[in-house]
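Trainee:
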Amino acid sequence: MLKLRRLDSRDHALRRVAAAWAAQGWQAEMAYPPQAGRWLEVADGAGRWRGWLEPRAWLESMAPDLAVLASAAGGDEQAARLIAACEAPLTWPMPEMGEGRLRVGALSDAGELPRRPLLQAQTAQGAVWLERAPEPMPDAGADALDGLPLPLSFIAGASDISLALLATVRAGDVLLIAETSADVRCNGRAIGHYRCIEEGIVMEWRNEEEAAREQRPLDGMGQLPVRLEFVLQQSCVTLDELRRLCEGELLPLVPDAERRVEVRANGALMGRGELVQMDGRLGVELAQWRGGLDDVE
Numbered sequence: 136m137l138k139l140r141r142l143d144s145r146d147h148a149l150r151r152v153a154a155a156w157a158a159q160g161w162q163a164e165m166a167y168p169p170q171a172g173r174w175l176e177v178a179d180g181a182g183r184w185r186g187w188l189e190p191r192a193w194l195e196s197m198a199p200d201l202a203v204l205a206s207a208a209g210g211d212e213q214a215a216r217l218i219a220a221c222e223a224p225l226t227w228p229m230p231e232m233g234e235g236r237l238r239v240g241a242l243s244d245a246g247e248l249p250r251r252p253l254l255q256a257q258t259a260q261g262a263v264w265l266e267r268a269p270e271p272m273p274d275a276g277a278d279a280l281d282g283l284p285l286p287l288s289f290i291a292g293a294s295d296i297s298l299a300l301l302a303t304v305r306a307g308d309v310l311l312i313a314e315t316s317a318d319v320r321c322n323g324r325a326i327g328h329y330r331c332i333e334e335g336i337v338m339e340w341r342n343e344e345e346a347a348r349e350q351r352p353l354d355g356m357g358q359l360p361v362r363l364e365f366v367l368q369q370s371c372v373t374l375d376e377l378r379r380l381c382e383g384e385l386l387p388l389v390p391d392a393e394r395r396v397e398v399r400a401n402g403a404l405m406g407r408g409e410l411v412q413m414d415g416r417l418g419v420e421l422a423q424w425r426g427g428l429d430d431v432e
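Position one of the sequence shown corresponds to residue 136 (our numbering), numbered consecutively onward.
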């Protein structure tokens with residue numbers, strides 16, 4: 136029986152962001168939020184991130200003299216109003232966090248913050264505790280996938296027949312093509328047309344008008360379909376062993392198979408990882424990921 140770790144999607148997403156930011160040298164870590172102070176809920180205008188900051192700490196960094204003058208009783212409220220009115224109240228080292236006005240929510244005591252690890256990120260105006268953050272910007276290394284195999288099918292046409300008729304087909308018969316075609320398909324998606332000349336096949340990418348008629352149009356080569364397969368185990372058996380398996384004989388499971396799942400893209404080995412349950416769904420947490428041509432089998 137497979138023993139799968141359970142992951143929470145929110146926590147997992149934050150930990151990935153924390154690791155990516157820390158790898159860039161920025162101050163970011165997963166930790167439990169403070170148990171003291173008052174905290175202001177903030178978010179960007181697009182709703183890509185959401186978290187809490189300490190308004191007094193923000194005011195001290197932005198206007199130390201004003202922070203001294205702010206009354207002890209209403210200092211947090213005054214700082215919250217300033218944050219809401221400021222054109223760019225936070226300066227992030229992370230480019231994906233953006234700039235501009237913030238959506239300001241309610242002030243809360245520390246005890247009202249979530250009691251689970253959050254992403255603590257340092258800005259020029261102090262720490263922000265994030266419960267949602269955008270995906271880190273990808274590395275500029277798309278060329279590493281240039282060697283990924285893409286299966287192309289050059290379609291001459293199609294015909295619809297019944298199962299009964301199919302059962303009568305024999306070698307020597309001629310199957311007529313009812314609908315001729317010159318489509319080029321990749322993993323089931325039409326990506327262009329072809330024509331045959333004496334030297335070989337000439338292919339043309341789909342034009343914009345044809346793409347507009349597609350239910351799910353391709354927006355350039357970056358949208359080419361890739362089939363990912365997650366392989367728990369590969370076994371080589373004889374025909375006799377296969378028959379016995381089909382009759383109920385058990386096939387031994389490789390030890391720790393759930394921790395060595397292969398991820399293949401169009402058949403090419405891209406990485407390995409551990410089979411996990413995330414929010415009730417199966418997934419693979421990657422331990423290795425191979426982006427270069429030399430790494431692809």
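We treat Cβ as the ideally placed atom computed from N, Cα and C, and that holds for glycine. All figures in this text were calculated on a predicted structure; none of them were measured in a lab.
When the Cα atoms are used, what is the spatial distance from L287 to L417?
Mentor: What you label residue 287 is simply residue 152 of the sequence shown in a count that begins at 1. What you label residue 417 is simply residue 282 of the sequence shown in a count that begins at 1. About 30 angstroms.
Trainee: Does the stretch 303 to 320 come within contact of the stretch 378 to 395, defined as at least 3 CB pairs closer than 8 angstroms?
Mentor: Because the criterion of three Cβ pairs below 8 angstroms is not met, the stretch 303 to 320 and the stretch 378 to 395 do not touch.
Trainee: Can you tell me whether A171 is buried or exposed? The criterion is at least 16 other CB atoms within 10 Å of its CB, across all chains shown.
Mentor: Here the question's residue 171 lines up with position 36 in the sequence shown. It is exposed - the Cβ of A171 has fewer than 16 other Cβ atoms within 10 Å.
Trainee: Here's the rule: buried if 16 or more other CB atoms are within 10 angstroms of the residue's CB, otherwise exposed. What is T159?
Mentor: Walking along the sequence shown from the start, residue 159 turns up at place 24. Going by the sequence as given, residue 159 is Gln instead of Thr. Answer is exposed; the Cβ neighbour count stays below 16.
Trainee: On the criterion of 16 or more Cβ atoms from any shown chain inside 10 Å, does P199 qualify as buried, or is it exposed?
Mentor: In the sequence shown, the residue the question calls residue 199 occupies position 64. Per the 10 Å Cβ criterion, exposed.
Trainee: Kindly confirm or deny that the stretch 145 to 161 and the stretch 256 to 272 touch, where touching means at least three C-beta pairs closer than 8 angstroms.
Mentor: The answer is yes - the stretch 256 to 272 touches the stretch 145 to 161, with three or more Cβ pairs under 8 angstroms.
Trainee: Please work out which residues of its chain come closer than 6 angstroms, Cβ to Cβ, to D143, disregarding the five sequence neighbours upstream and downstream, and give them in chain order.
Mentor: To locate residue 143, count along the sequence shown from 1; it is residue 8. Answer for D143: no residue qualifies.
Trainee: By the DSSP assignment, the alpha helix (DSSP H) with V152 in it spans what residues?
Mentor: Walking along the sequence shown from the start, residue 152 turns up at place 17. Counting along the chain, the alpha helix (DSSP H) containing V152 begins and ends at S144 to A158.
Trainee: Please go through the same chain and pick out, in chain order, the residues whose beta-carbon is closer than 8 angstroms to the beta-carbon of R379, but skip the five residues on each side of it.
Mentor: Translated into the one-based positions of the sequence shown, residue 379 becomes position 244. Around R379: no qualifying Cβ.
Trainee: Quick check on this structure: which residue in N322, V304, R330 and A306 has the alpha carbon closest to the alpha carbon of S316?
Mentor: For the purposes of this step, residue 316 is taken as residue 181 along the sequence shown, with counting starting at 1. Per the Cα distances, R330.
Trainee: What's the gap between the Cα of C381 and the Cα of Q369?
Mentor: If you number the sequence shown from 1, residue 381 lands on position 246. If you number the sequence shown from 1, residue 369 lands on position 234. Cα to Cα, C381 sits roughly 16 angstroms from Q369.
Trainee: Given the structure, does V177 come close to the ligand COA, in the sense that its CB is under 8 angstroms from one of the ligand's heavy atoms?
Mentor: Only the bare structure without any ligand can be found here, which leaves the ligand COA out of the picture.
Trainee: With a threshold of 16 other CB atoms inside 10 Å of the CB of V304, please say whether the residue is buried or exposed.
Mentor: Taking the first residue of the sequence shown as position 1, residue 304 is located at position 169. That one is exposed.
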